[in-house]
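Q: Dropping the structure in here first, questions after.
Numbering (our numbering), first residue to last: 360 to 663.
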């Protein structure tokens, strides 16, 4: 059963009552909300995600709703909670949905230390994964969104989840938050992409969420071995450049883009070293999405 099998009324009832149980890759979430305005977006953007079976263990109990106390009477606000506690200051109620999405990411980043968590986007094709470690202004979300609407499968936009026992990358195909100019870039590049409303004036600027293609969600239990590290950088009017990178440099950049490298200590060092050793590593600079996708497609074909 998927979220889209529920009527809007049933979804609202679950959100306000026992909670809506949803599976995102290796995690099961229970979401509660007393905000009627949130139900429409949950119904639209979470529509293809599977519901959690009744006997399954819930990893995160989260909520987004009006804060308690006098604050709720003076300003329309929304507070994110995990296990009943609020780790952040309240948001405006108009930003409840992006607050929920950011809150879920925070839960993964702070409570999933059984996995190595790279701050990286990831896509897959022909059984092999390509990782795009984060760097400010690198455009990983825009590139990742373009790729998954051009024949690649989304592993994750935010987390490269590496299983320590075998080094496999676990999918976490959640919504992709595009920011500012990237929103219109993707709307023009792939008009068929399902993109939610633009939230103006959030703590991260203007944000809109892209729903992954249905195939990425259906296959979110299929891990893949890392095969390439690509460090992207968008530069206005720049010619395409896809150049090999020294593995020593790649190791440092991957390690410093891990959420819990220090927590996992020697395990993290071993995993990153093994991944970099097994992967081809490249720097990518580009200004044209079509050219970048063609180059990465060619890279994957050469591997075949």
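Ideal Cβ placement from N, Cα and C applies to all residues, glycine included.
Determine the burial state of residue 442: buried for a count of at least 16 other Cβ atoms within 10 Å of its Cβ, exposed for fewer.
A: Per the 10 Å Cβ criterion, exposed.
Q: Does the separation of the CB atoms of residue 382 and residue 411 fall below 8 Å?
A: yes
Q: Tell me, please, whether the stretch 482-496 touches the stretch 582-599 by the rule of three or more beta-carbon pairs shorter than 8 Å.
A: yes
Q: Does the distance from the CB of residue 643 to the CB of residue 632 come in under 8 Å?
A: When the beta-carbon positions are compared, residue 643 and residue 632 stay at least 8 Å from each other.
Q: Would you report the Cα separation of residue 366 and residue 424, rounded to the nearest angstrom?
A: 21 Å
Q: Count the other C-beta atoms from every protein chain shown that fall within 10 angstroms of the C-beta of residue 611, then say buried if there are 16 or more, exposed otherwise.
A: exposed
Q: Please name the residue, chosen from 438, 545, 625, 658, that lies closest to residue 397 on a Cα-to-Cα basis.
A: 438
Q: Report buried or exposed for residue 401, applying the criterion of at least 16 other Cβ atoms within 10 angstroms of its Cβ.
A: buried
Q: Grab me the residues of residue 404's own chain with a C-beta within less than 7 Å of its C-beta, minus the 5 sequence neighbours each way, in chain order.
A: Cβ within range, chain order: 534, 555, 568, 570.
Q: Take residue 582 and list the residues in its own chain whose beta-carbon comes closer than 8 Å to its own, dropping the five residues that flank it on each side.
A: 522, 527, 528, 529, 530
Q: Which whole-angstrom value is the C-beta distance of residue 520 and residue 476, which I expect to be below 8 Å?
A: 6 Å
Q: Can you look up residue 437 in the DSSP assignment and give me helix, strand or coil?
A: Correct three-state label for residue 437: strand.
Q: Are residue 393 and residue 418 closer than 8 Å when you measure CB to CB?
A: Taking 8 Å as the Cβ cut-off, residue 393 and residue 418 do not qualify as a contacting pair.
Q: Quick check on residue 542: buried or exposed, where buried means 16 or more other Cβ atoms within 10 Å of its Cβ?
A: Its Cβ being crowded by 16 or more others within 10 Å, residue 542 is buried.
Q: Nearest-angstrom Cα distance between residue 585 and residue 380?
A: 30 Å
Q: Can you name, in chain order, every residue of its own chain whose Cβ lies under 8 Å from the Cβ of residue 574, other than the five neighbours on each side?
A: Excluding positions up to five away in sequence, the list reads 512.
Q: Express the C-alpha separation of residue 481 and residue 447 in angstroms, rounding to a whole number.
A: 28 Å
Q: What are the start and end residues of the alpha helix (DSSP H) that includes residue 503?
A: 499-507
Q: Buried or exposed for residue 499, please, with buried defined as at least 16 other CB atoms from any protein chain shown within 10 angstroms of its CB.
A: Counting the other CB atoms within 10 Å of its CB gives residue 499 a total of 16 or more, which places it among the buried residues.
Q: If you draw a straight line from the alpha carbon of residue 659 to that of residue 415, how long is it in whole angstroms?
A: 37 Å
Q: For residue 572, count neighbouring C-beta atoms within 10 Å of its own C-beta (all shown protein chains included) and say buried if the count is 16 or more, exposed if not.
A: buried
Q: Report the rounded CA-to-CA distance for residue 564 versus residue 539, giving the unit in angstroms.
A: 6 Å
Q: Quick one, which of 630, 620, 560, 656 has its alpha-carbon nearest residue 457's?
A: Of the candidates 630, 620, 560, 656, the one whose C-alpha sits nearest the C-alpha of residue 457 is 560.
Q: Flag this pair as yes or no: are the beta carbons of residue 637 and residue 627 separated by less than 8 Å?
A: no
Q: Following the continuous beta strand (DSSP E) through residue 423, name the residue where it begins and the one where it ends.
A: 419-424
Q: When burial is assigned at 16 or more other CB atoms within 10 Å of the CB, is residue 576 buried or exposed?
A: buried
Q: My output table needs one value for residue 615: the three-state DSSP class, helix, strand or coil.
A: coil
Q: Beta-carbon within less than 7 Å of residue 464's beta-carbon, same chain only, minus the 5 sequence neighbours each way: which residues are those?
A: 517
Q: Per DSSP, what kind of secondary structure is residue 432 in: helix, strand or coil?
A: Note on residue 432: pLDDT 46, under 50, position unreliable in the model; no value is reported.
Q: Pull up the distance between the alpha-carbon of residue 552 and that of residue 506, whole angstroms please.
A: Looking at the backbone, the Cα of residue 552 and that of residue 506 are separated by about 12 Å.
Q: What does the alpha-carbon distance come out to for the pair residue 712 and residue 524?
A: The requested residue 712 is not part of the displayed model; the chain covers only 360 to 663.
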